[in-house]
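Q:
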Amino acid sequence: TSSTMGFQVSWTQVVILVAACGHASGHGAMSFPTPRNAIDASLPPFQAWGYPCDSTHQGVNCTMTFCSAGRNCQGACPKSAHNGQVDALTASNGQSCYWFSNGCTVGCDQCDGTNNHVGHGFQQFLYKNMTPGDLDKANITINPWNPAPGEMTLDPATTAKLNITRNCPNPSASVKPTICDPRLRTMNTQAECGSPEDIYYYSPWRAPGAAPVIDSCGVAGGRFRGQGVGGAGAAYMNTSLSQEGDLGSELPAMPSQAYWKVGSQVEVGWTVSAHHGGGYAYRLAPASAPLTEETFRKTPLDFVGDSILRWGGDNSTQIAFDSIGRGWQTNVGTVPAGSTWRKMPIPTVLWQREGPSFEPVCQESEECIRHVSQYQGYSWTPGICRCSGFSGNNGPLLPNIEMVDVVQIPATLEPGAYVLQWRWDCEETDQIWASCADVTITA
53 TSSTMGFQVS
63 WTQVVILVAA
73 CGHASGHGAM
83 SFPTPRNAID
93 ASLPPFQAWG
103 YPCDSTHQGV
113 NCTMTFCSAG
123 RNCQGACPKS
133 AHNGQVDALT
143 ASNGQSCYWF
153 SNGCTVGCDQ
163 CDGTNNHVGH
173 GFQQFLYKNM
183 TPGDLDKANI
193 TINPWNPAPG
203 EMTLDPATTA
213 KLNITRNCPN
223 PSASVKPTIC
233 DPRLRTMNTQ
243 AECGSPEDIY
253 YYSPWRAPGA
263 APVIDSCGVA
273 GGRFRGQGVG
283 GAGAAYMNTS
293 LSQEGDLGSE
303 LPAMPSQAYW
313 KVGSQVEVGW
323 TVSAHHGGGY
333 AYRLAPASAP
343 LTEETFRKTP
353 LDFVGDSILR
363 WGGDNSTQIA
373 FDSIGRGWQT
383 NVGTVPAGST
393 WRKMPIPTVL
403 WQREGPSFEP
413 VCQESEECIR
423 HVSQYQGYSW
433 TPGICRCSGF
443 SGNNGPLLPN
453 IEMVDVVQIP
463 ATLEPGAYVL
473 QWRWDCEETD
483 QIWASCADVT
493 ITA
């Protein structure tokens, strides 16, 4: 319809501005168990949404969007429908990928709700002094994820405004970045740790679990109540059930979304919309306790075995890989001490802004590699890449992909009602995503 087309044109204009400013935000959410943050999923706009478009899903009801203005956001956090159709998506996660904390850096005791690229975001990288446009004109395809050292470097013409610092006036001298290993890093991975070129040095992922949050279960729109709509996805579509600025820890409890035995090993999963690297962990808190970082830190969950990428909820599609063997898992320098975190296993496609990353887990197509080499905008064909990039509006990745892990439920837990927290500490942005789900631990 003309109104739908008008919305898409408006978004294209917005995203071009975002790309120029380097201020796009990462968005993701726990996909199973279903989190409390999916509170809006029962409302008509979300119930009516589905992908791919068909006779019953058209216009805004099958369009993957980016909730930049707080309207028409029902297609902003899609996830796999798990209905036997690999590319089928639903809006059954509501706006769960818009619950986060904005403006959070290592060494500060609070977030500011605003600055998601502190001291950086305007930089550009070149490949052998060539832009993606130059590569396109010369029809050159490169390794855009893991080039040889020295091939992909910061453009000195774009670095004058870099000011790599923490987002508070009096940062802690004792809380410092702990992630330096290039294997654990997800963006600009070839920069010397702590050097002027290490533009993500104070981002949350560089000291997993140490950066502050506004709320342990995320905030609707990522900002403090009263701050209003922010830039590049710091927004939320107000509904009868939730409002921008609501705290995830105050969301009403849901019926239990999983029943797990004490001492068992269980699957959990999450999906990504906009992508900004980093890594994640899962933790438990008694449902009767305050849902604070202090409470969640008491029961971090260990990962067990391989990591998995799974498409469409179908086990036959999945790729398992050894995160420990790849150097993508750590329990050193994490908070709480000794807790285990895993690196986000999907590499970026925006190398011109974010630099070298790492090889994809899957074998990407020649078409994907060529596009990533030669194109750095926000108007991709969804699904052109299988396990690289972002899946927000016009991204190359379909959000039918889930990052699946097995976690160990401690044998010492008392049976009862609990809340599972998923926390994603970003690297390319100074942001932390969180989802919280109701689960029952049985004897």
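Under this note's numbering, the residue at position 40 of the sequence shown is numbered 92, and the numbers go up by one with no gaps.
Glycine is no exception: its CB is placed at the ideal position from the N, C-alpha and C atoms.
#1: Taking DSSP's pairing of strands, which residues face Y103 in a bridge?
#2: Which whole-angstrom value describes the C-beta separation of V227 and G331, a residue pair presumed to lie in contact below a C-beta threshold of 8 Å?
#3: Could you give the first and the last residue of the continuous beta strand (DSSP E) run that contains K313?
#4: Ignore the nearest five residues each way along the sequence and tell me which others in G278's own chain have a CB closer than 8 Å to its CB.
#5: Less than 8 Å between the beta carbons of I484 and R475, yes or no?
#6: Check each candidate in N113, N135, T433, V387 and name the one with the smallest Cα separation from P97.
#7: Ignore the nearest five residues each way along the sequence and tell me which others in C220's own chain have a CB closer than 6 Å to its CB.
#8: Please report the residue range of the alpha helix (DSSP H) in which K189 lies.
#9: If we ignore side chains and look at the alpha-carbon of each, how far apart do V271 and G300 end up?
#10: Report the three-state DSSP secondary structure of F98 (helix, strand or coil).
#11: Could you compute how far the alpha carbon of N191 sits from the alpha carbon of G429?
#12: Does I360 come out as helix, strand or coil in the three-state DSSP assignment?
#13: Which residue from E319, Q147, R405 puts its Cα closest to that of A310?
#14: Apply the 10 Å Cβ neighbour rule to G80 and answer buried if 16 or more other Cβ atoms are within range, or exposed otherwise.
#15: Thinking C-alpha only, which one of Q110, P234, S431 is nearest G379?
#16: How many Å lie between L187 and H423 at the Cα?
#17: Given that a residue counts as buried once 16 or more other Cβ atoms are within 10 Å of its Cβ, and exposed if not, what is E541?
#18: Can you give me the C-alpha to C-alpha distance between G136 and T369, rounded to a whole angstrom?
#19: L95 and L293: beta carbons closer than 8 Å?
#20: For N215, count neighbouring C-beta atoms within 10 Å of its own C-beta (all shown protein chains included) and say buried if the count is 16 or more, exposed if not.
#21: Using a 10 Å radius around the Cβ and a threshold of 16 neighbouring Cβ atoms, would you call A495 buried or exposed?
#22: Should R275 and N154 be called a contact, given that it needs their Cβ atoms to be closer than 8 Å?
#23: Secondary structure at A128, three-state DSSP: helix, strand or coil?
#24: Using the Cα positions of D477 and L449, report the straight-line distance between them to the nearest angstrom.
#25: Helix, strand or coil for W474 per DSSP?
#26: If N452 and G364 are in contact, beta carbons under 8 Å, what's the gap, nearest whole angstrom?
#27: So the beta strand (DSSP E) T205 belongs to, where does it begin and stop?
A: Let me spell this out:
#1: As a first step, residue 103 must be located in the sequence shown, where it is residue number 51. Paired residues: L141.
#2: Here the question's residue 227 lines up with position 175 in the sequence shown. Here the question's residue 331 lines up with position 279 in the sequence shown. Not a contact, Cβ separation roughly 17 Å.
#3: As a first step, residue 313 must be located in the sequence shown, where it is residue number 261. Residues 311-313.
#4: Position 226 of the sequence shown, counting from 1, holds the residue named residue 278. Cβ neighbours of G278 beyond the five flanking positions: G297.
#5: Sequence index remark: in the sequence shown, residue 484 carries index 432 (1-based). Sequence index remark: in the sequence shown, residue 475 carries index 423 (1-based). Closer than 8 Å, so yes.
#6: Counting from 1 along the sequence shown, the entry for residue 97 is found at position 45. Comparing Cα-Cα distances from P97 to each of N113, N135, T433, V387, the minimum goes to N113.
#7: Working through the sequence shown from its first residue, we reach residue 220 at position 168. Only C160 meet the Cβ criterion.
#8: Taking the sequence shown and counting its residues from 1, one reaches residue 189 at position 137. K189 -> alpha helix (DSSP H) spans 184-189.
#9: Locating residue 271 in the sequence shown gives position 219, where the first residue counts as 1. Locating residue 300 in the sequence shown gives position 248, where the first residue counts as 1. So the two alpha carbons sit approximately 6 Å from each other.
#10: Counting from 1 along the sequence shown, the entry for residue 98 is found at position 46. In the structure shown, F98 sits in a helix (DSSP, three-state: H, G or I).
#11: In the sequence shown, residue 191 corresponds to position 139, counting from 1. In the sequence shown, residue 429 corresponds to position 377, counting from 1. Approximately 17 Å, taken between the alpha carbons.
#12: Here residue 360 corresponds to residue number 308 of the sequence shown, with the count starting at 1. The answer is strand: DSSP assigns I360 an E or B state.
#13: As a first step, residue 310 must be located in the sequence shown, where it is residue number 258. Ranking the options by Cα distance to A310, first place goes to E319.
#14: The sequence position of residue 80 within the sequence shown is 28, counting from 1. It is buried - the Cβ of G80 has at least 16 other Cβ atoms within 10 Å.
#15: Counting from 1 along the sequence shown, the entry for residue 379 is found at position 327. Selected option, being the one with the closest Cα: P234.
#16: In the sequence shown, residue 187 corresponds to position 135, counting from 1. In the sequence shown, residue 423 corresponds to position 371, counting from 1. One C-alpha to the other measures close to 10 Å.
#17: Outside the shown range of the chain, which is 53 to 495, sits residue 541, and nothing can be said about it.
#18: Numbered from its first residue, the sequence shown carries residue 136 at position 84. Numbered from its first residue, the sequence shown carries residue 369 at position 317. Taking the straight line from one Cα to the other gives about 11 Å.
#19: Position 43 of the sequence shown, counted from the start, is the residue given in the question as residue 95. Position 241 of the sequence shown, counted from the start, is the residue given in the question as residue 293. Yes, these two residues count as a Cβ contact at 8 Å.
#20: What you label residue 215 is simply residue 163 of the sequence shown in a count that begins at 1. Exposed, since its Cβ has fewer than 16 Cβ neighbours within 10 Å.
#21: Translated into the one-based positions of the sequence shown, residue 495 becomes position 443. Counting Cβ neighbours within 10 Å, A495 comes out exposed, since fewer than 16 surround it.
#22: Counted from its first residue, the sequence shown places residue 275 at position 223. Counted from its first residue, the sequence shown places residue 154 at position 102. It is a contact, given that the beta carbons lie within the stated cut-off.
#23: Reading the sequence shown from its first residue, position 76 is the one you call residue 128. Looking at A128 - three-state DSSP - the assignment turns out to be coil, as it is neither helix nor strand.
#24: Locating residue 477 in the sequence shown gives position 425, counting from the first residue. Locating residue 449 in the sequence shown gives position 397, counting from the first residue. Rounded to the nearest angstrom, the two C-alpha atoms are 21 Å apart.
#25: Along the sequence shown, read from residue 1 onward, the residue named residue 474 stands at position 422. DSSP places W474 in strand when its eight states are reduced to three.
#26: Mapped onto the sequence shown, residue 452 falls at position 400. Mapped onto the sequence shown, residue 364 falls at position 312. Confirmed, about 5 Å.
#27: Reading the sequence shown from its first residue, position 153 is the one you call residue 205. Segment 204-206, the beta strand (DSSP E) holding T205.
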